[in-house]
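Undergrad:
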Amino acid sequence: VMLVGTSGFSYKDWVGSFYPEGTSAADMFVFYQDNFDTVEIDYTYYTFPSLRTMASLAERAKDGFLFSVRTHKSITHDKSASSEDVRNAAVGFKAALAPMYDSGKLACVLIQYPWSFRMSPENIERMLTATGSFEELKVAVEFRNDSWANERMLKVLRDNGLALCCVDEPRLPGLFPPLTASTTDFSYFRFHGRNSHDWWGSKPGRDRYDYEYTDDELDEWVPGIRKVAGEVGDSYIYMNNCHMGKAARNARQLRRKLMEDA
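When we follow the working numbering, the leftmost residue of the sequence shown carries the number 270, and every step to the right adds one.
#1: What does the alpha-carbon distance come out to for the pair LEU320 and GLU328?
#2: What does the alpha-carbon distance come out to for the pair VAL284 and LEU326?
#3: What are the boundary residues of the beta strand (DSSP E) that includes ALA409?
#4: ARG339 to ILE380, Cα distance in whole Å?
#5: With the cut-off set at 7 Å, would you say VAL425 and LEU406 are in Cβ contact?
#6: Quick check on DSSP: helix, strand or coil for LEU523?
#7: Opposite GLY462 in the DSSP bridges: which residues?
#8: Looking at C-alpha atoms only, which residue of ALA432, GLY470 and ASN392 is the closest neighbour of SER504?
#9: Any chance the CB of VAL270 is under 6 Å from a heavy atom of the ligand PLP?
#10: List the whole-angstrom C-beta distance separating GLY333 from ASP311, where the pair is believed to meet the contact cut-off of C-beta under 8 Å.
#11: On the DSSP letters alone, give me the boundaries of the alpha helix (DSSP H) that ARG356 sits inside.
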């Protein structure tokens, strides 16, 4: 099954561009579910999730709706954290997700590393410490640094039952390239847009995710997504170009393309 959605759903600038005028924050999730069957929860990177919030989301989700959840920055972005710190943060994060996996509404956990996280034996171990803490849950790993774009990385993921998060982002030196590969029994895709001008150190009022994909740019990915989806059970595909509802529009476009002649 290929499920397409967006990274987050609660955006003020989506009112009028995706949500009908006058939609309140409380009503956004209801409208979102009328359009999509999955969402990637992103706020959990900035704010450690609580059982209460995760339970509320799970309760409000219709049957069959699935969440992917991005892990907190303490697991991936704190260079001063020890392996034990990383493990403890991951264990605590997993515990907060209990309402989602107990209700069968958790698709996957996304662990996204920063560009500064380069491939090395130490960082491979650090990643496996984090991913191992989620045990029976599905885990996808996103790399931003192109030092990971090699066969050794793919083998590490395969050996540990982890999915590569296949990404589309600006074609800038050092950034992870477009790569489609299946490394476990599900696949994960994230589209960040191609706003190369604002990717590094965007200025106030600018947004690195302010980008709308063209038909041709989405078409580039259709064969690869279909190929990978044919090799696995489920594929989760999220648009993260969230500025002014562009993610929602592009998600609908891509879903339509993937379903054509499927």
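Yeah, the Cβ is synthetic: ideal placement off N, Cα and C, and Gly gets one too. Note that this is a predicted model, so its numbers are computed, not measured.
TA: Result, derived from the coordinates:
#1: For the pair LEU320 and GLU328, the Cα-to-Cα distance works out to about 12 Å.
#2: Distance between the alpha carbons of VAL284 and LEU326: 20 Å.
#3: Taken as a continuous stretch (DSSP letters only), the beta strand (DSSP E) holding ALA409 covers 408-411.
#4: Roughly 6 Å between the two C-alpha positions.
#5: Not a contact, by the Cβ cut-off of 7 Å.
#6: Looking at LEU523 - three-state DSSP - the assignment turns out to be helix.
#7: Under DSSP, GLY462 forms no beta bridge with any residue.
#8: The option with the nearest alpha carbon to SER504 is ALA432.
#9: No copy of the ligand PLP appears in this structure; indeed no ligand is present at all.
#10: Contact doesn't hold; Cβ gap of about 21 Å is too wide.
#11: Residues 352-365.
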